[in-house]
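Reviewing the structure listed below.
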Amino acid sequence: MLLLALDTATPAVTVALHDGRDVIASSSQVDARRHGELLLPAIDRILAEAGLRLDAVTGVVAGIGPGPYTGLRVGLMTADTFGLALGVPVHGVCTLDGLAYAADLKGPFVVATDARRKEVYWARYSDSRTRVTDPAVDRPADIAAQVEGLPAVGAGALLYPDTFPKAHEPEHVSAAALARLAAEKLAAGEELPAPRPLYLRRPDAQVPKNYKVVTPK
551 MLLLALDTAT PAVTVALHDG RDVIASSSQV DARRHGELLL PAIDRILAEA GLRLDAVTGV
611 VAGIGPGPYT GLRVGLMTAD TFGLALGVPV HGVCTLDGLA YAADLKGPFV VATDARRKEV
671 YWARYSDSRT RVTDPAVDRP ADIAAQVEGL PAVGAGALLY PDTFPKAHEP EHVSAAALAR
731 LAAEKLAAGE ELPAPRPLYL RRPDAQVPKN YKVVTPK
């Protein structure tokens with residue numbers, strides 16, 4: 551097994567290689583505006599670090615969000631393209647699940663990432679491997695009663711200490727955690743879903759009002 555894992559659902563552009571036993575190379579760079587520019591060079595870099603070629607990859611793992619439309623689609627389109635070109639399966643893993651796995655907390659807790667617009671993408675977990683609510687997007691004040699008293703991880707939690715007073719790192723997801731989680735699930739015989747994006751809301755870019763379509767006569 552050689553899994554290539556990647557995620558662009560948060561400001562982190564993160565990639566990793568997992569050989570079926572553990573992560574053998576990884577890279578993470580935080581830059582919310584350069585996902586498309588940074589992702590492919592990062593993949594080339596970790597392959598070189600591991601002394602491997604792209605055609606050695608036997609599966610691709612992609613973080614499916616939730617996340618902003620533009621950043622998220624960079625990773626998902628790259629994953630789908632590699633899967634098609636290499637003829638290997640592409641597996642989707644919720645980005646929040648990767649953060650929960652990396653946090654390695656024992657009791658109930660919350661994962662919250664920055665959704666912009668003064669909102670967070672979030673979900674509750676009973677432990678680092680078990681999500682108990684569907685991912686959602688909300689204003690922190692609107693979910694305060696639901697998360698009161700719970701530890702929280704992720705950039706969204708760190709941004710809003712009034713709602714998440716017990717917030718701590720990890721701030722962003724790592725592809726290394728996604729790879730380990732996916733490898734664990736696959737080794738247990740669990741089927742992972744196809745990488746379908748969790749957008750949760752419409753993209754920021756909208757067609758202007760009173761837009762006129764001009765067609766040649």
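Under the numbering used here, the residue at position 45 of the sequence shown is numbered 595, and the numbers go up by one with no gaps.
Beta carbons are placed, not taken as given, at the ideal position from N, Cα and C, and that holds for glycine.
Nearest-angstrom Cα distance between residue i and residue j?
i	j	result
A755	A673	Low local confidence applies: a pLDDT of 49 at A755 is under 50, so the model's placement there is unreliable, and no value is given.
D572	G613	18 Å
Y671	A707	10 Å
P567	H722	It is worth fixing the name first, because residue 567 is Leu in this sequence and not Pro. The straight-line gap from Cα to Cα measures roughly 18 Å.
I596	I574	9 Å
L604	R584	22 Å
A694	G633	41 Å
L602	G570	15 Å
Can you give me the start and stop residues for the beta strand (DSSP E) that residue i sits inside?
i	result
A664	It should be noted that the sequence gives Asp, not Ala, for residue 664. Its beta strand (DSSP E) spans residues F659 to R666.
A562	A562 to H568
V624	Here V624 belongs to no beta strand (DSSP E); instead the alpha helix (DSSP H) covers Y619 to L636.
Y675	E669 to D677
A612	G609 to G613
Hey, would you say residue i sits closer than 8 Å to residue j, going by beta carbons?
i	j	result
R623	P745	no
T560	A705	yes
Of all Cβ atoms in chain B, is any one closer than 8 Å to the Cβ of residue i?
i	result
A582	Included in the structure is just one protein chain, with no chain B present.
Taking residue i as part of the alpha helix (DSSP H), name the residues at either end of that continuous run.
i	result
I593	H585 to A600
What distance in whole Å lies between the Cβ atoms of residue j and residue i, which are believed to be in contact at a cut-off of 8 Å?
i	j	result
A725	V565	5 Å
S678	A653	6 Å
L649	P720	6 Å
Checklist entry - For the 8 Å Cβ check, are there 3 or more pairs between the stretch 634 to 644 and the stretch 577 to 593? => result Short answer: they don't touch.
Next on the checklist: Would you call the stretch 728 to 741 in contact with the stretch 656 to 668, where contact means no fewer than 3 C-beta pairs closer than 8 Å?
Outcome noted: no
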